[in-house]
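Enquirer:
Residue numbers (my numbering), protein chains in the order written: chain C, 1 to 411; chain X, 1 to 267.
1. Look at the Cβ atom of residue 90/X, then the Cβ atom of residue 181/X, and state whether they are nearer than 9 Å.
2. Can the beta-carbon of residue 221/C be found less than 9 Å from the beta-carbon of residue 213/C?
3. Compare the C-beta of residue 220/X against all C-beta atoms of chain C and say whether one is closer than 9 Å.
4. Quick check for students: name the residue ranges of the alpha helix (DSSP H) that lie wholly in the segment 24-91 of chain C, counting only runs of 4 or more.
5. At a CB distance below 8 Å, what residues from the segment 153-179 of chain C approach chain X? Give them in sequence order.
6. Among the residues of its own chain, which have a CB less than 6 Å from the CB of residue 77/X, if the five just before and after it don't count?
7. Kindly indicate if chain X contains any beta-carbon less than 9 Å away from that of residue 291/C.
8. Looking only at DSSP bridge pairs, what is residue 64/X linked to?
9. Would you mind sorting residue 58/C into buried or exposed? The rule is 16 or more other CB atoms within 10 Å of its CB.
10. Is it right to say residue 285/C is buried, meaning 16 or more other beta carbons lie within 10 angstroms of its own, or is it exposed?
11. Taking C-alpha atoms, which residue in 158/C, 130/C, 105/C and 63/C lies nearest to residue 318/C?
12. Give the range of the alpha helix (DSSP H) segment to which residue 283/C is assigned.
13. Spatial neighbours of residue 335/C within its chain, please: CB distance less than 8 Å, with the 5 preceding and 5 following residues excluded, ordered by chain position.
14. Find the residues of chain X that neighbour residue 395/C, judging by a C-beta separation of less than 8 Å, and give them in chain order.
15. Looking only at its own chain, which residues have a Cβ that is under 7 Å from the Cβ of residue 241/C, when we skip the five neighbours before and after it?
16. Quick one: give me the first and last residue of the beta strand (DSSP E) that residue 233/X is part of.
17. Is any beta-carbon of chain X found at less than 9 Å from that of residue 241/C?
18. Under three-state DSSP, which class holds residue 16/X?
19. Residue 113/X versus chain C: which residues are under 7 Å apart at the beta carbon?
20. I need the DSSP call for residue 154/X, collapsed to helix, strand or coil.
21. So, is the C-beta of residue 93/X closer than 9 Å to a C-beta in chain C?
22. For residue 239/C, count the other beta carbons within 10 Å of its own beta carbon; 16 or more makes it buried, fewer makes it exposed. Which is it?
23. Just mark residue 126/C as buried or exposed, buried being the case when its beta carbon has 16 or more other beta carbons within 10 Å.
24. Would you mind sorting residue 230/X into buried or exposed? The rule is 16 or more other CB atoms within 10 Å of its CB.
25. What are the residues of the segment 230-262 of chain C that lie near chain X, defined by any Cβ-Cβ distance shorter than 9 Å?
26. For residue 14/X, return the contacting residues in chain C, with the cut-off set at a CB-CB distance below 9 Å.
27. In this structure, what does DSSP give as the bridge partners for residue 335/C?
28. Just verifying my parser: in three-state terms, what is the DSSP assignment at residue 254/X?
29. Using only alpha-carbon positions, find the residue among 172/X, 131/X, 103/X and 162/X that is nearest to residue 92/X.
30. Are the CB atoms of residue 307/C and residue 178/C nearer to each other than 9 Å?
31. Are the CB atoms of residue 34/X and residue 226/X within a distance shorter than 9 Å?
32. Counting only Cβ pairs nearer than 8 Å, list the residues of chain X close to residue 67/C.
33. With a CB to CB cut of under 7 Å and the five nearest residues on each side skipped, what residues in its chain are close to residue 18/C?
34. Would you identify the three-state DSSP class for residue 242/X, choosing helix, strand or coil?
35. Looking at the unbroken beta strand (DSSP E) that takes in residue 185/X, where does it start and where does it end?
36. Using a 10 Å radius around the Cβ and a threshold of 16 neighbouring Cβ atoms, would you call residue 272/C buried or exposed?
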């Protein structure tokens, strides 16, 4: 299935790569001894490596094209396997029950350290699901998502510091404050799309961080706020370990609520309006959708979840400072959504687990983290631009003209 | 018998910088009427539609809409596109603008958006009212799909439809907003004769269901068979109006389409 022509092309690719990487991989200058060593073997490795990779990629594309040609591309045939499994109630509920059971048993089976890492992963899942509303469903590229996370975290830190307010009181307040900031950001960017929107939201994220960093009287600047109280459980005294495990279960609860709510939102009048907005704004308005309101709701709902997680973050670490809310955070959350699959809940969960857990368990390779990050995203864009697990559209069935006979197949 | 007036445009002017795309245009549409708007390329027909649906804000002039059901009168200039759709004017686009990554049924369901009301809380708690509304949305959307002949493909992606089917889906989506005035921007463009014939019967059926239709079209055969009245535009101005028979012999129209007759000028 691989022709001579393709082999030739791959050879060209590998030659090009040899040329590109020549100064970096082959020449090594030693400034102390003033010598240059030529590492010709590296050149060979680069050549062979890129040749093989390029051939594999070609073969993969050929296979994909054949597969596309075989099956007429309908709504169903594009459905990923996991979504197919989830669509069948017979598999769906046992699978969900198993996952829930595993999640509940996790802190009992593993150490508190593991539970702690898992809590972080769960937080990123919820952040991803929140951003998914804005980016994945409504198609508004938001690079300043971390700002809302910061608003949530600082609202708990400050309210706790000045007024001694408890976690459970501030949790909704933090969420609502973040949602308010979402609307504040939403108004000026209503007219923007795509790249322009991304730039403005990026700026917004930086503005919030810089304010927190420089307004010492308000936020104590770069030194941050420490000694934030942990969440209480009916006034019970908890050891550090217990508090960690409590935090874990709290996140599981919040995640379940989030999945439920986001799933229902996506599959509603509002969710459809968001999808339509992502596809075509002008057609959307011509169909009677209020663009302003729909966009603002998307922004504020997305921000609401970031705010909630912000409060939880502050309570979990008992310390916040602006360094936790850099652009890097936004980028990771966005990568979770893009890697997992825009608009797909299962995809976002998988994406978050991969992007948060892998670096944790591969600490030894942490130097190459950003490199791998970039490589993964580039590979994704080439091979699976729709994400690991693409979202599926709901299938509605309708029999005849009789009323109330429409059966539903949930996602 | 004269039907009730539902749309009256008077002195509509649209300037883009120094270019006058529409020049003091007058037009009226009555209920249950099919009115065609024709003219050479660049005459300003689509600009006119964009002014009517609120995508452009007209520089001058007046657009008045009278609902045939309630008799309520409203001025459309300066309203947002979604408000105009709510008032009962729906449109299709010259270059198809479907939501291509949504299913056919969902496209039509989007059209129901402005006739339903559930929001965040309704979506989350899915109370009785929301469920009833959703069910109605699905039922009515299916009925519309059956009308435009796409019920079989309801769960396909809109992008997978053939060209003619996409045009019909756009009409279906517009119908879902329950308009009394339907604006069709070149509905037959790029269609084969069979598809055009289907389209003609569909348009007539829509008219018989109490919708007035204003259409832009280049297919003269279709225009002449369908329309009750025709408006002809050139360079942003109305150059003629009348029944198909009158337009056919109108000198100004022939001039606009075919150019000046050199022989007769010399004579």
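Idealized CB from N, CA, C, for every residue including glycine.
Being a predicted model, the structure only gives us computed values, none of them experimental.
Expert: Looking at the coordinates:
1. Along the second chain, read from residue 1 onward, the residue named residue 90/X stands at position 90. Along the second chain, read from residue 1 onward, the residue named residue 181/X stands at position 181. Contact: yes.
2. Working through the first chain from its first residue, we reach residue 221/C at position 221. Working through the first chain from its first residue, we reach residue 213/C at position 213. Contact flag set, yes.
3. As a position in the second chain, residue 220/X is number 220, starting the count at 1. Chain C contact via Cβ: absent.
4. 40-70 and 81-87
5. none
6. Along the second chain, read from residue 1 onward, the residue named residue 77/X stands at position 77. Correct list, in chain order: 58 and 63.
7. Looking up residue 291/C in the first chain gives position 291. Judged by the 9 Å Cβ criterion, residue 291/C is in contact with chain X.
8. Mapped onto the second chain, residue 64/X falls at position 64. Bridge partners of residue 64/X: 8/X and 75/X.
9. The residue given as residue 58/C occupies position 58 in the first chain. The residue is buried, with at least 16 neighbouring Cβ atoms inside 10 Å.
10. Locating residue 285/C in the first chain gives position 285, counting from the first residue. The residue in question, residue 285/C, is buried, as its Cβ has 16 or more Cβ neighbours within 10 Å.
11. For the purposes of this step, residue 318/C is identified with residue 318 of the first chain, where counting begins at 1. Per the Cα distances, 158/C.
12. For the purposes of this step, residue 283/C is identified with residue 283 of the first chain, where counting begins at 1. First-last of the alpha helix (DSSP H) with residue 283/C: 281-286.
13. Along the first chain, read from residue 1 onward, the residue named residue 335/C stands at position 335. Answer for residue 335/C: 351, 355, 373 and 377, listed in chain order.
14. As a position in the first chain, residue 395/C is number 395, starting the count at 1. By Cβ distance, chain X contributes 103 and 155.
15. Along the first chain, read from residue 1 onward, the residue named residue 241/C stands at position 241. Answer for residue 241/C: 112, listed in chain order.
16. Residue mapping note: residue 233/X aligns to position 233 of the second chain, counting from 1. That run of the beta strand (DSSP E) goes 229-234.
17. What you label residue 241/C is simply residue 241 of the first chain in a count that begins at 1. No, residue 241/C lies away from the interface with chain X (no Cβ there is under 9 Å from its Cβ).
18. Taking the first residue of the second chain as 1, we reach residue 16/X at position 16. Three-state DSSP puts residue 16/X in a strand.
19. By 1-based counting over the second chain, the position of residue 113/X is 113. Residues of chain C passing the Cβ test: 269, 273, 287, 288 and 289.
20. As a working note, residue 154/X is residue 154 in the second chain. The answer is coil: DSSP assigns residue 154/X none of H, G, I, E or B.
21. Position 93 of the second chain, counting from 1, holds the residue named residue 93/X. For residue 93/X, the answer is yes, since a Cβ of chain C falls inside 9 Å of its Cβ.
22. Here residue 239/C refers to the residue found at position 239 of the first chain. It is exposed - the Cβ of residue 239/C has fewer than 16 other Cβ atoms within 10 Å.
23. Taking the first chain and counting its residues from 1, the one referred to as residue 126/C is at position 126. Buried is the call here.
24. Here residue 230/X corresponds to residue number 230 of the second chain, with the count starting at 1. When all chains shown are included, residue 230/X counts as buried.
25. 260 and 261
26. Locating residue 14/X in the second chain gives position 14, where the first residue counts as 1. Chain C residues near residue 14/X: none, gap ~17 Å exceeds 9 Å.
27. For the purposes of this step, residue 335/C is identified with residue 335 of the first chain, where counting begins at 1. Answer is none; residue 335/C lacks a bridge partner.
28. Here residue 254/X corresponds to residue number 254 of the second chain, with the count starting at 1. Of the three classes helix, strand and coil, the one that applies to residue 254/X here is helix, per DSSP.
29. Taking the second chain and counting its residues from 1, one reaches residue 92/X at position 92. The shortest C-alpha separation from residue 92/X is found at 172/X.
30. Here residue 307/C refers to the residue found at position 307 when the first chain is read from its first residue. Here residue 178/C refers to the residue found at position 178 when the first chain is read from its first residue. Cβ distance < 9 Å, so residue 307/C and residue 178/C count as in contact.
31. Numbered from its first residue, the second chain carries residue 226/X at position 226. Numbered from its first residue, the second chain carries residue 34/X at position 34. Contact: yes.
32. Here residue 67/C is taken as the residue at index 67 of the first chain, counted from 1. Per Cβ cutoff of 8 Å: no residues; residue 67/C is ~17 Å from chain X at best.
33. Working through the first chain from its first residue, we reach residue 18/C at position 18. Cβ neighbours of residue 18/C beyond the five flanking positions: 43, 46 and 47.
34. As a working note, residue 242/X is residue 242 in the second chain. Residue 242/X: strand per DSSP, three-state reduction.
35. As a first step, residue 185/X must be located in the second chain, where it is residue number 185. Segment 181-185, the beta strand (DSSP E) holding residue 185/X.
36. On the first chain, residue 272/C is found 272 positions in, with the first residue counted as 1. Under this definition residue 272/C is a buried residue.
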